[in-house]
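Taking it in order: structure first as structure tokens, then the write-up.
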Amino acid sequence: MMHDSARFLVDPVCMGGVGGSGTRVGAEIMQALGIYLGPLLNTAKDNFSFPPLASLLQEVESEAERETIVFKGLAEFEHTMQENFLEQDQQRYRSWGWKIPGSFYWLPYTSRYFPRMRYVHFMRHGLDMAFSGNRNQIKNWGWRFGIEHQDPPTPEDLLAYWIAANNHAIATASELLGDRFLLVDFDALCCQPETEVRRLGQFLQPDASEDEITGALALVHKPGSMQRYRKHDVRSRFAPESIAAVEALGFTVE
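Okay, so the sequence shown: first residue is 6 according to the working numbering, each after it adds one.
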């Protein structure tokens, strides 16, 4: 049994986004602000203890049965997080959560299991993402949006997925969570770190100290791949409606 269960009486905060959107940095900021992300993390800060819901539900059609399976997995996950919350963690963390890029797909379940949960969704410029080497999500989830992609996926495929997945995530989180949902523009985080880290801090941990904010700020660095799309003639490569969809999601196309 963990030493102090009080932290787990507060529903968690989770973070997600299309793979490659900056969620690793987001997860590091969560930790810097005193949020426990679990003992089994990869280098991207994904939580290996989170149940493999996609595979568990692969052949389950009944919604009632799907919910039962998901809730069982979440109960086991919550128990694992509690069991592994060690004494030394108590000095550093005062709430908990997880980072899994595809977390937004499970919000209809997680928001019922954790009725006061919060969700942070990271977005990075869609045209930069179109030229990314991160293709796992489109392979795993593109079918949900009727995207039949090539192998390997083309920039056009990746942009189509980015548009569909982010619109889906924003609509779902807005409907289910309301003001317990925060959208983060990774480009803005890199260009205006002081403003964006404080906004994240206010949402994630309103009582964050100045030392914690300073520590979180030190984690933010502008990647060399930012605005890589400008090396390409994107207006001739992508359909006008795709460019318009990127702009509608808040990004400038130069």
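Yeah, the Cβ is synthetic: ideal placement off N, Cα and C, and Gly gets one too. In this text the structure is predicted, and so the values were computed from the model without any measurement.
### Task
Taking Trp101 as part of the beta strand (DSSP E), name the residues at either end of that continuous run.
Ser100 to Lys104
**Report entry** Nearest residue (CA-CA) to Arg117, options Pro106, Ser67 and Glu180
**Finding:** Comparing Cα-Cα distances from Arg117 to each of Pro106, Ser67 and Glu180, the minimum goes to Glu180.
Among Ile175, His173, Phe127 and Thr159, the one whose alpha carbon lies nearest that of Leu194:
Phe127
Nearest-angstrom Cα separation, counted from Pro57 out to Gln63:
10 Å
Grouping DSSP H, G and I as helix and E and B as strand, with all else coil, what is Val239? helix
- prompt: Using 8 Å as the threshold, is the segment 128-140 in touch with the segment 44-59, meaning 3 or more CB pairs across them?
  reply: no
> For Phe76, which three-state DSSP category applies?
Replying inline: helix
For Phe136, which of helix, strand or coil comes out of DSSP? It is coil, neither helix nor strand.
Practice problem: Evaluate Gly21 with the Cβ neighbour count: other Cβ atoms within 10 Å of its Cβ, from every protein chain shown; 16 or more gives buried, anything less gives exposed. | Solution: buried
Using the C-alpha atoms, what's the distance from Glu259 back to Gly39?
38 Å
Please state whether the Cβ-Cβ distance between Met122 and Pro211 is less than 7 Å. no
When Asp184, Asn52, Lys227 and Ala221 are compared against Gly107, the one with the closest alpha-carbon: Asn52
Does the contact criterion of 3 or more C-beta pairs under 8 Å hold for the segment 201-221 versus the segment 183-192?
yes
- Opening and closing residue of the alpha helix (DSSP H) in which Met35 lies: Thr28 to Ala37
Q. By DSSP, does Asn52 sit in helix, in strand, or in coil?
A. strand
For the beta strand (DSSP E) holding Tyr124, just list the boundary residues, first then last.
Run containing Tyr124: Arg123 to Met128, per the beta strand (DSSP E) assignment.
query: If we ignore side chains and look at the alpha-carbon of each, how far apart do Glu217 and Ala37 end up?
result: 6 Å
Worksheet item: Pick from Arg97, Gln96, Ser54 and Ala59: whose alpha carbon is nearest that of Ala80?
Response: Checking every option, the nearest Cα to that of Ala80 belongs to Ser54.
Secondary structure at Phe186, three-state DSSP: helix, strand or coil? strand
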